[in-house]
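Novice: Numbering (my numbering), first residue to last: 347 to 643.
The beta carbon of each residue, even a glycine, is placed where N, CA and C say it ideally should be.
Predicted model only: the values in this text are computed from it and were never measured.
1. Does the Cβ-Cβ distance between residue 660 and residue 602 come in under 7 angstroms?
2. Report yes if the C-beta distance between residue 585 and residue 642 is below 7 angstroms; otherwise report no.
3. Ordered along the chain, which non-local residues of its own chain (more than five positions away) have a Cβ less than 6 angstroms from that of residue 409?
4. Beta carbon of residue 413, beta carbon of residue 423: below 7 angstroms?
5. In its own chain, which residues sit with a C-beta less than 6 angstroms from the C-beta of residue 479, not counting the 5 before and 5 after it?
6. Thinking just about the alpha-carbon of each residue, which of 618, 572, 631, 432 is nearest to the one in residue 607?
7. What residue from 505, 552, 502, 482 has the CA that sits closest to residue 494's CA?
8. Roughly how many angstroms lie between the CA atoms of residue 421 and residue 617, to the nearest whole one?
9. For the segment 538–620, list the alpha helix (DSSP H) runs that are entirely contained and at least 4 residues long, ordered along the chain.
10. What is the rounded straight-line gap between the Cα of residue 496 and the Cα of residue 465?
11. Using a threshold of 7 angstroms, state whether the C-beta atoms of residue 511 and residue 547 are closer than that.
12. For residue 614, count the other beta carbons within 10 Å of its own beta carbon; 16 or more makes it buried, fewer makes it exposed. Which is it?
13. Using a Cβ-Cβ cut-off of 7 angstroms (strictly less than) and excluding sequence neighbours within five positions of residue 552, which residues of its own chain qualify?
In structure tokens, the structure reads:
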């Protein structure tokens with residue numbers, strides 16, 4: 347299949363938010379909308395409060411079990427005093443590892459997690475155990491396969507980030523890179539939504555996403571950006587060393603990140619609804635890469 351190189355001249359037609367001036371399609375399809383052409387999203391001040399900062403709580407049965415299986419450091423496990431089922435297996439493993447177990451009321455658990463669905467169990471410990479980009483590259487090299495790294499550009503919804511982590515781990519990705527600013531972090535919601543995958547998949551949190559992409563490119567990795575103006579994903583070759591950029595839910599990739607992409611790829615839209623959730627789109631791209639890689643083994 348033909349591999350279309352990104353035409354640098356096309357960048358001139360794009361204004362703020364990394365999208366075309368005037369009418370355009372949203373990152374995974376969507377309705378046209380006008381944006382200021384002189385506003386660069388990547389130069390906005392970081393004047394917001396990161397409400398998704400690490401809470402130190404892992405909520406729910408499966409996330410807690412996966413945290414135990416992966417060897418994550420846990421301090422205390424809080425259990426509903428009347429809980430049963432799979433919680434017994436979790437507490438047995440916890441006792442073997444010397445982790446403190448406290449029986450508390452259902453009301454107490456609800457207060458601890460801010461009303462989230464806790465399934466009768468919460469573990470406390472360091473939710474965020476980030477690695478470096480170099481660590482992810484080393485992991486990829488050790489696996490002996492073509493690098494497969496996911497890059498999340500300002501995915502602010504923790505449910506979306508958790509879902510992307512879950513799919514990436516299942517698809518065999520080497521790791522995920524997220525920015526420190528304007529992004530969800532590894533918190534309790536992300537862990538729960540990932541169904542425990544966040545305990546297994548390495549996540550690097552970087553101050554400068556563009557610099558991290560440059561580091562990947564220096565190591566021979568091609569950067570694929572997801573954008574409605576790109577080549578159809580089914581006509582794109584994903585068998586080599588790739589870094590797949592998933593743009594934000596509302597605006598796609600920032601201009602500076604988009605400019606660093608070697609290729610742009612898209613999902614075709616045929617129905618009345620012309621947009622997809624970022625995590626759903628990410629899953630389709632990832633599993634196209636899985637399909638192609640399996641075919642050449």
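Specialist: According to the structure data:
1. With the chain covering 347 to 643 only, the question about residue 660 has no answer from this structure.
2. Between residue 585 and residue 642, the gap from beta carbon to beta carbon is short of 7 angstroms.
3. 537, 538, 542
4. no
5. 550, 558, 561
6. 572
7. 482
8. 50 angstroms
9. 555–564, 601–605
10. 30 angstroms
11. Contact: yes.
12. exposed
13. 479, 523, 525, 526, 558
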